[in-house]
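**Student:**
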Amino acid sequence: MEASREKTIVKTSVIGIVANVFLAGFKAVIGLMTHSIAIVLDAVNNVSDAGSSLITIVGTKLAGREPDKKHPFGYGRIEYLSAMIISVIVLYAGVTSLVESVKQIIHPETPDYSAVSLIIVAVAVVVKILLGRYVKGVGVRVNSDSLINSGEDATLDSIISASTLLAAGIFLIFHISLEAWLGAIISVVIIKSGIEMLCDTISRILGERNDAELARAIHDTVLSFPDVQGAYDLVLNNYGPDRWNGSIHIEVPDTYSADRLDQLIREITMKVLGEHRVILTAIGVYSVNTTDEEVIQAKRRVEKIVFAHEHVRQMHGFYLLKDQKTMRFDIVVSFDAKDRRAVYAEVLADVQRAFPDYALQVAMDTDFTEQ
Numbered sequence: 055m056e057a058s059r060e061k062t063i064v065k066t067s068v069i070g071i072v073a074n075v076f077l078a079g080f081k082a083v084i085g086l087m088t089h090s091i092a093i094v095l096d097a098v099n100n101v102s103d104a105g106s107s108l109i110t111i112v113g114t115k116l117a118g119r120e121p122d123k124k125h126p127f128g129y130g131r132i133e134y135l136s137a138m139i140i141s142v143i144v145l146y147a148g149v150t151s152l153v154e155s156v157k158q159i160i161h162p163e164t165p166d167y168s169a170v171s172l173i174i175v176a177v178a179v180v181v182k183i184l185l186g187r188y189v190k191g192v193g194v195r196v197n198s199d200s201l202i203n204s205g206e207d208a209t210l211d212s213i214i215s216a217s218t219l220l221a222a223g224i225f226l227i228f229h230i231s232l233e234a235w236l237g238a239i240i241s242v243v244i245i246k247s248g249i250e251m252l253c254d255t256i257s258r259i260l261g262e263r264n265d266a267e268l269a270r271a272i273h274d275t276v277l278s279f280p281d282v283q284g285a286y287d288l289v290l291n292n293y294g295p296d297r298w299n300g301s302i303h304i305e306v307p308d309t310y311s312a313d314r315l316d317q318l319i320r321e322i323t324m325k326v327l328g329e330h331r332v333i334l335t336a337i338g339v340y341s342v343n344t345t346d347e348e349v350i351q352a353k354r355r356v357e358k359i360v361f362a363h364e365h366v367r368q369m370h371g372f373y374l375l376k377d378q379k380t381m382r383f384d385i386v387v388s389f390d391a392k393d394r395r396a397v398y399a400e401v402l403a404d405v406q407r408a409f410p411d412y413a414l415q416v417a418m419d420t421d422f423t424e425q
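Residues in the sequence shown are numbered consecutively from 55, following our numbering.
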């Protein structure tokens, strides 16, 4: 599957390189012939697009390297770095275009359009629209940020070319040259797009919350085992597109033997890997008291107290030892709370008032899938 994904990305990038090189050549000739700064800048932008596709290929090839001693989790995150480079190229192209457009506004040159040049630019608009939709569509399908960024860049290029046609039409009809002003406006749009691409990629590198859909699917898979009474604390670590390692806690009856528990954990690990391509490197266990009715009633009483607090999302891992007078459980406090620590302290105080003879061991967890 990895080989197929890499092959798809490389093929799509090669198509992008070929298309952009041809468009750059045509636009450069037309721009020089008509003295159109907008068309010349558009040609330069096509060259940068071809470079972006080349970076995507190199990044994908490097990301596909096998894990080694120095990088045991593989090289998948290189794809994020290549996406960042493409974002910087887009940003640079936008700044360069803005500078040249401002120069043209200060020192304008009269363009000299011809029917042939405008037809070629019109064809370029159609080609870039189709190319942008195709590249972005493939990028979404194979989860490649580099292709998605390249596709969005191609769509922006089509807008640039279309604005050039609009400026040419206005000039031919009204003899007013607006292409430098249009170039400045479009440059600002490109700069904005480049900043957004860059911020999005940096956010992925820093580490974002768990993929909510994937997390729900993994929870459902884990809970599909009859004796698993709860699944909590799922943490997913991303090491590149579609490359996940994770850990989770499960609640099982306290009557489980060690060998039975070992078998369950192995089965969960294999099923999650097979269905979701996520490696669960650790599965923690919470034992649930199932034989003592007094403990069961105490749990229900604690749940009522805990969930009376607005921002508590979960309570799990409850266990009570009557002879040692200890009670332990975890709570998840929402990020929507103004002060999560204050909510935690209030919960702890309320439970302690209800069970003054017990020593509490309460941990505050984080829900990494919280929307």
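Cβ coordinates follow ideal geometry from the N, Cα and C atoms, glycine included.
If you're wondering where the values come from, they're calculated on a predicted model, not measured in any experiment.
Which of the three DSSP states is assigned to Ile-6 in this structure?
**Tutor:** The requested residue 6 does not occur in the structure, where the chain is confined to residues 55 to 425.
**Student:** Look up Asn-292 in the DSSP assignment and say whether it is helix, strand or coil.
**Tutor:** strand
**Student:** Apply the 10 Å Cβ neighbour rule to Ala-178 and answer buried if 16 or more other Cβ atoms are within range, or exposed otherwise.
**Tutor:** buried
**Student:** Would you grab the beta carbon distance between Ser-283 and Val-342 for me? Rounded to a whole angstrom, and I think it's under 8 Å.
**Tutor:** Just to set this straight, residue 283 is Gln in the shown sequence, not Ser. With 8 Å as the limit, Gln-283 and Val-342 qualify as a contact, their Cβ atoms being about 6 Å apart.
**Student:** Between the stretch 131-150 and the stretch 240-260, do at least 3 Cβ pairs fall closer than 8 Å?
**Tutor:** yes
**Student:** Assuming Ser-155 is part of the alpha helix (DSSP H), what are its boundary residues?
**Tutor:** 132-160
**Student:** Going by C-alpha distance, which of Leu-226, Ile-213, Ile-259, Phe-228 is nearest Ala-238?
**Tutor:** Ile-213
**Student:** Starting from Thr-380, trace the beta strand (DSSP E) in both directions and tell me its first and last residue.
**Tutor:** 380-387
**Student:** Which two residues bound the contiguous beta strand (DSSP E) that contains Glu-30?
**Tutor:** The structure shown does not extend to residue 30, since the chain spans only 55 to 425, so no value can be given for it.
**Student:** Under a three-way DSSP split, which group does Phe-409 fall into?
**Tutor:** Reduced to three states, the DSSP call for Phe-409 is coil.
**Student:** Take the Cβ of His-303 as the centre, count every other Cβ of all protein chains shown within 10 Å, and call the residue buried at 16 or more, exposed below.
**Tutor:** buried
**Student:** Measuring straight from C-alpha to C-alpha, what distance separates Asp-411 and Leu-402?
**Tutor:** 14 Å
**Student:** Apart from the five residues on each side of it in sequence, which residues of its chain come closer than 6 Å, Cβ to Cβ, to Val-101?
**Tutor:** Ala-78
**Student:** Please classify Arg-119: does DSSP put it in a helix, a strand, or coil?
**Tutor:** coil
**Student:** Is DSSP giving Asp-211 helix, strand or coil here?
**Tutor:** helix
**Student:** Please list, in chain order, all residues of the same chain as Ala-221 whose beta carbon is under 6 Å from its beta carbon, the five residues on each side excluded.
**Tutor:** Hits under 6 Å: Leu-232, Glu-233, Leu-236.
**Student:** Among Leu-268, Arg-355, Glu-348, whose alpha-carbon lies nearest the alpha-carbon of Arg-297?
**Tutor:** Leu-268
**Student:** As a quick exercise: from Gly-223, Asn-197, His-229, Val-181, pick the residue whose alpha carbon is nearest that of Thr-209.
**Tutor:** Val-181
**Student:** Could you give the distance in angstroms between the alpha-carbon of Leu-327 and the alpha-carbon of Ala-73?
**Tutor:** Rounded to the nearest angstrom, the two C-alpha atoms are 39 Å apart.
**Student:** Which ranges does the alpha helix (DSSP H) cover as unbroken runs of at least 4 residues, wholly within the stretch 231-270, from first to last along the chain?
**Tutor:** 233-260
**Student:** Would you kindly work out how many angstroms separate the C-alpha atoms of Leu-108 and Phe-225, rounded to a whole number?
**Tutor:** 37 Å
**Student:** Which partner residues of Gln-415 appear in the DSSP bridge assignment?
**Tutor:** Bridge partners of Gln-415: Arg-382.
**Student:** Suppose contacts are defined by Cβ-Cβ distances below 8 Å. Is His-89 in contact with Glu-154 by that definition?
**Tutor:** Not a contact, by the Cβ cut-off of 8 Å.
**Student:** State yes or no: is the C-beta of Val-397 within less than 8 Å of the C-beta of Val-366?
**Tutor:** yes
**Student:** For a test of the three-state rule: what should DSSP assign to Arg-394, helix, strand or coil?
**Tutor:** helix
**Student:** Within the present structure, is the beta-carbon of His-330 separated from the nearest heavy atom of the ligand GDP by less than 7 Å?
**Tutor:** The ligand GDP is absent from the structure shown, which contains no ligands of any kind.
**Student:** In chain order, what residues of the same chain have a beta carbon less than 6 Å from the beta carbon of Ala-336, not counting five sequence neighbours either side?
**Tutor:** Ser-301
**Student:** What number of angstroms, rounded off, separates the C-alpha of Ser-67 from the C-alpha of Val-75?
**Tutor:** 12 Å
**Student:** In terms of residue numbering, what span does the alpha helix (DSSP H) encompassing Ala-41 cover?
**Tutor:** Here the chain has residues from 55 to 425 only, and residue 41 is not among them.
**Student:** The alpha helix (DSSP H) spanning Val-349 covers which residue range?
**Tutor:** Where Val-349 is concerned, the enclosing alpha helix (DSSP H) stretches over 347-360.
**Student:** For the candidate residues Ala-399, Arg-119, Leu-290, Lys-81, whose alpha-carbon lies nearest to that of Ile-385?
**Tutor:** Ala-399
**Student:** Since Ile-337 sits in a beta bridge, which residues does DSSP pair it with?
**Tutor:** For Ile-337, the pairing in a beta bridge is given by DSSP as Ile-302.
**Student:** Measuring only the C-alpha atoms, how far is Gly-223 from Thr-150?
**Tutor:** 25 Å
**Student:** Roughly how far, in whole angstroms, is the beta-carbon of Tyr-340 from the beta-carbon of Glu-305, given that I think they are within contact range, below 8 Å?
**Tutor:** 5 Å
**Student:** How close, in whole Å, do the beta carbons of Thr-255 and Met-418 come, if the pair is a contact with beta carbons under 8 Å?
**Tutor:** Not a contact, Cβ separation roughly 31 Å.
**Student:** Express the C-alpha separation of Met-381 and Gln-415 in angstroms, rounding to a whole number.
**Tutor:** 6 Å
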